[in-house]
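**Q**
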Amino acid sequence: MPELPEVETIARGVNARVRGDRITEVWFSKHKQPFKTSASIQAKGLAGRTILSVHRTGKHIVCELGDAGLNETSKNEPTAQWIVHLGMTGRLLVTTPEGPIAAHTHARLSLESGREVRFVDARRFGRLEFRELKRTEGFSAAGQEPMTVGTVEFAGLFRGRKLAIKAALLNQGLLSGVGNIYADESLFQAGIRPRRRAGRLTRDELERLRLSLLAVLSDSIRLGGSSVSDYVDADGVRGFFQLEHCVYLRTGQPCRQCGTPIKRILVAGRGTHYCPKCQG
DNA sequence: CATTTCACCTGGTGGC
DNA sequence: TGCCACCAGGTGAAAT
């Protein structure tokens, strides 16, 4: 469900509540879920570990884990990671153990402090993964981070590509973290049609797009993300950026800039919203 | 290789 | 109220 701003908001919330806590008990539902790591391996790996920190990479929530047991020397060195991808409907919540168990709860981590981390996912598009860190690098998403990528590198991502710019924005191998909402919103702000071929955009248009994306993503993070249907942060609180959307899910409604009705088309199989007047 | 399409799931909404 | 078609923030495998 969530894109970069929502994942960032959740990761910050979870980090603030569980950083330094220890996982005492792990539970997984029997419901079949196509995890990247089997439930039993995750359960075994997570039990006893300390959560050193929680952060976002692309659309992934990465929990850095310290060794199980008492290990004073390497206390702050992560030796494993628990990686959570929320798919479309996934939630990662920090609750008390007494709280009612929501339908589609697939994982529960009991913590020493008494808190509980829960993974809930109706559609089961989410993915959980447990990794031991040997000497290898930490987890990194394939694409560039859209909020820190520079002008030249950003433009380079699209050079020579024939696919629609909207489809390119959604490709996690190019940029990681951009989904349907922020692709549409950034293209609106940059005044670019979603179906334009990526490789045909001018240098100016690409720079406008990069800056629009940065602005839209940081505004959304500031407002706690977009709650379109059921997105909530680690405390179950909704975001407010959906109130700022200019085009996304506003089919037929007047453009906030010129009053023209917003159009909906299909690009790369995804509902795509744009203003026919403001965008090209 | 690049690009497109489709399957994977459940739930909410709006029309009849 | 019920039934049905359609829509939904994502990804990765299969097809083109």
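By numbering that gives the first Met the number 0, the letter at position 240 of the first sequence is numbered 239, and the numbering carries on one by one without gaps.
All C-beta atoms in this analysis are idealised placements derived from N, C-alpha and C, irrespective of residue type, glycine included.
#1: Near residue 267, what residues of its chain come up, given a Cβ to Cβ distance below 6 Å and the 5 sequence neighbours on each side ignored?
#2: If you draw a straight line from the alpha carbon of residue 157 to that of residue 175, how long is it in whole angstroms?
#3: Just the Cα atoms here: how many angstroms apart are residue 198 and residue 204?
#4: My parser needs the beta strand (DSSP E) runs of 3 or more residues fully inside the segment 91 to 155; what are they?
#5: With burial defined as no fewer than 16 other Cβ atoms inside 10 Å of the residue's Cβ, what is the status of residue 2: buried or exposed?
#6: What distance in whole Å lies between the Cβ atoms of residue 226 and residue 237, which are believed to be in contact at a cut-off of 8 Å?
#7: Assuming residue 273 is part of the beta strand (DSSP E), what are its boundary residues?
#8: For residue 66, tell me which candidate among 94, 132, 36 has the shortest Cα-Cα distance.
#9: With distances taken from CA atoms, which of 183, 177, 33 is nearest residue 262?
#10: Below 7 Å between beta carbons: does that hold for residue 76 and residue 21?
#11: For residue 186, which residues from the same chain have a beta carbon less than 6 Å from its beta carbon, with the 5 sequence-adjacent residues on both sides left out?
#12: Using DSSP bridges, identify the partner residues of residue 25.
#13: Between residue 103 and the ligand FAD, is there a pair consisting of the residue's CB and a ligand heavy atom that are separated by less than 6 Å?
#14: Given this structure, state the Cα-to-Cα distance separating residue 104 from residue 88, to the nearest angstrom.
#15: For the alpha helix (DSSP H) containing residue 188, name the first residue and the last one.
#16: Tell me which residues share the same chain as residue 275 and place their Cβ nearer than 7 Å to its Cβ, disregarding the 5 neighbours each side in the sequence.
#17: Run the CB neighbour count on residue 139, radius 10 Å, all protein chains shown included, and call it buried at 16 or more, exposed below.
#18: Tell me whether residue 52 sits in a helix, a strand or coil according to DSSP, three-state version.
#19: Note the first and the last residue of the continuous alpha helix (DSSP H) segment covering residue 168.
#20: Could you check what DSSP says for residue 76 in three-state terms: helix, strand or coil?
#21: What's the gap between the Cα of residue 249 and the Cα of residue 7?
**A** Result, derived from the coordinates:
#1: 166
#2: 14 Å
#3: 11 Å
#4: 104 to 110, 115 to 120, 126 to 131
#5: buried
#6: 4 Å
#7: 269 to 273
#8: Distances from the alpha-carbon of residue 66 to those of 94, 132, 36 put 132 closest.
#9: 183
#10: No, these two residues do not count as a Cβ contact at 7 Å.
#11: 193
#12: 108
#13: The model depicted lacks the ligand FAD and carries no ligand whatsoever.
#14: 12 Å
#15: 179 to 189
#16: 259, 262
#17: exposed
#18: strand
#19: 164 to 169
#20: If DSSP states are grouped into helix, strand and coil, residue 76 belongs with coil.
#21: Going from the Cα of residue 249 to the Cα of residue 7 covers about 25 Å.
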